[in-house]
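**Q** Dumping the structure here so I can ask a few things about it.
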Amino acid sequence: MQKSILIIGACGQIGTELTLKLRELYGEECVVASDIREGSDSLMQSGPFELLDATNYEAVEDVILYHEIEEVYLMAAMLSATAEKFPERAWNLNMNSLFNVLNLAKENKINKIFWPSSIAVFGPNTPRDMTPQNSIMEPSTVYGISKLSGERWCEYYHNKYNVDVRSLRYPGLISWKTQPGGGTTDYAVEIYHDALSKGNYQCFLKEDTKLPMMFMDDAIRAAIELMDSDTGQIKVRSSYNLGAMSFSPKEISESIKQWLPDFSITYQPDFRQSIADTWPSSIDDSKAKEDWNWAAEFDLTKTTAEMINQLSKNF
Ligand SMILES: NC(=O)c1ccc[n+]([C@@H]2O[C@H](COP(=O)([O-])OP(=O)(O)OC[C@H]3O[C@@H](n4cnc5c(N)ncnc54)[C@H](O)[C@@H]3O)[C@@H](O)[C@H]2O)c1
């Protein structure tokens with residue numbers, strides 16, 4: 001199937017791997033990467049790239065018209081930990097970039113949008129275990145407030161203007177190809193790097209802080225499967241709960257010790273602990289399973305094996 005795709009924020013943790021996968025599936029020339037900065041060599045050399053500010057409506061429109069773009073994956077955002085330091089900048093980036101693509105779809109300049117939400121839409125009053133699709137949503141972080149507002153606007157644009165926008169509430173994402181971009185779950189990537197390079201890791205969350213997580217291959221596949229599903233299958237137009245595994249820093253360190261028995265971990269919680277304390281510990285994603293057959297493939301054991309195998313090639 002031939003279609004032209006634009007990824008905005010393509011040089012980040014998800015965007016890099018998403019772009020490479022979409023290019024593999026749909027052809028290099030059909031998938032345009034864009035960001036406010038240049039990305040890794042593998043990304044820059046694998047197909048067309050545009051320097052683009054997601055908050056500049058005219059610039060986004062120009063790129064869309066020039067490349068005759070049909071689908072947009074909007075990955076540009078300020079993540080949870082960084083957003084607490086720059087609340088207004090986070091709000092402006094996260095909301096204006098979304099409004100720009102929603103309005104371009106409303107004007108029929110693009111057909112379909114993928115926009116990631118997050119487990120950060122939940123808050124301290126949400127039931128933490130197996131958090132349901134519809135639950136109390138009172139986020140207490142800047143990032144969570146922007147994601148929940150974004151979800152409401154996505155649903156509104158779909159209901160009011162028939163905009164085909166699709167969304168997933170990603171948990172913390174683990175990848176070996178790209179570094180994480182300032183989130184509260186970044187520890188679950190850093191820990192593998194430090195385990196291999198130093199043999200120890202100082203964790204910024206407490207040992208028993210259990211959070212929902214997902215390996216990047218599952219996250220990318222989920223986005224592409226959601227976008228390729230028939231319109232009739234998509235019953236949720238705010239954002240789907242999406243799950244794979246849940247673990248605490250202690251549990252991930254035990255799983256690393258299966259490979260590196262001398263690995264040790266210490267705990268020095270910082271401001272990110274108070275963000276994690278408001279998030280779910282596990283997610284009920286039965287709606288995604290029911291509507292478009294979502295099934296995760298990576299659990300903690302498989303994730304650790306893949307992370308250690310891939311990262312150890314660099315040491
Ligand atoms: N990584 C996770 O664990 C996670 C979890 C839940 C949701 N998400 C969501 O997924 C999306 C992508 O996350 P990520 O982890 O890849 O983030 P990231 O920070 O690694 O990447 C974001 C990219 O956006 C770019 N960007 C920033 N401002 C821009 C602008 N004005 N115009 C164009 N590009 C701009 C950055 O340069 C960066 O390359 C975000 O919406 C994020 O909220 C991520």
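Under the working numbering, the residue at position 29 of the sequence shown is numbered 29, and the numbers go up by one with no gaps. Don't be surprised by glycine CBs; every beta carbon is placed ideally from N, CA and C. Model, not experiment: these values are computed from the prediction.
May I ask you to report which of helix, strand or coil DSSP gives residue 121?
**A** Counting from 1 along the sequence shown, the entry for residue 121 is found at position 121. Three-state result, residue 121: helix.
**Q** Measuring alpha carbon to alpha carbon, tell me which residue in 280, 91, 120, 294 is nearest residue 129.
**A** On the sequence shown, position 129 is the one that residue 129 refers to. Ranking 280, 91, 120, 294 by Cα distance to residue 129 puts 280 first.
**Q** Residues in the same chain with beta-carbon distance under 7 angstroms from residue 262, minus the five sequence neighbours each way, listed in chain order, please.
**A** Against the sequence shown, residue 262 aligns to sequence position 262. Excluding sequence neighbours, residue 262 sits near 199.
**Q** Can you tell me where the alpha helix (DSSP H) holding residue 150 begins and where it ends?
**A** The sequence position of residue 150 within the sequence shown is 150, counting from 1. Start and end: 142 to 161.
**Q** What first and last residue would you give for the alpha helix (DSSP H) that runs through residue 95?
**A** Here residue 95 refers to the residue found at position 95 of the sequence shown. Its alpha helix (DSSP H) spans residues 87 to 106.
**Q** Just to confirm the assignment, what range does the beta strand (DSSP E) spanning residue 112 have?
**A** Translated into the one-based positions of the sequence shown, residue 112 becomes position 112. Where residue 112 is concerned, the enclosing beta strand (DSSP E) stretches over 112 to 114.
**Q** From the DSSP output, in three-state form, read off residue 11 for me.
**A** Translated into the one-based positions of the sequence shown, residue 11 becomes position 11. Coil, per DSSP.
**Q** Answer yes or no: do residue 157 and residue 105 have a C-beta to C-beta separation smaller than 9 angstroms?
**A** Sequence index remark: in the sequence shown, residue 157 carries index 157 (1-based). Sequence index remark: in the sequence shown, residue 105 carries index 105 (1-based). Yes; because the gap between Cβ atoms is below 9 angstroms, this pair is in contact.
**Q** Would you decide whether residue 13 is buried or exposed? Buried here means 16 or more other CB atoms lie within 10 Å of its CB.
**A** Counting from 1 along the sequence shown, the entry for residue 13 is found at position 13. The residue in question, residue 13, is buried, as its Cβ has 16 or more Cβ neighbours within 10 Å.
**Q** What alpha helix (DSSP H) runs, 4 residues minimum, are completely inside the region 220 to 262?
**A** Within the region 220 to 262, the complete alpha helix (DSSP H) runs of at least 4 residues are 249 to 257.
**Q** Does DSSP put residue 288 in a helix, in a strand, or in coil?
**A** Here the question's residue 288 lines up with position 288 in the sequence shown. Residue 288 falls in the helix class under three-state DSSP.
**Q** What's the gap between the Cα of residue 58 and the Cα of residue 44?
**A** Here residue 58 refers to the residue found at position 58 when the sequence shown is read from its first residue. Here residue 44 refers to the residue found at position 44 when the sequence shown is read from its first residue. The alpha-carbon atoms of residue 58 and residue 44 are separated by roughly 24 angstroms.
**Q** I want to check one thing, is the minimum distance from the CB of residue 241 to the heavy atoms of ligand 1 below 8 angstroms?
**A** For the purposes of this step, residue 241 is taken as residue 241 along the sequence shown, with counting starting at 1. False, no ligand heavy atom lies under 8 angstroms from that Cβ.
**Q** Where does residue 130 fall in DSSP's three states?
**A** Along the sequence shown, read from residue 1 onward, the residue named residue 130 stands at position 130. Correct three-state label for residue 130: coil.
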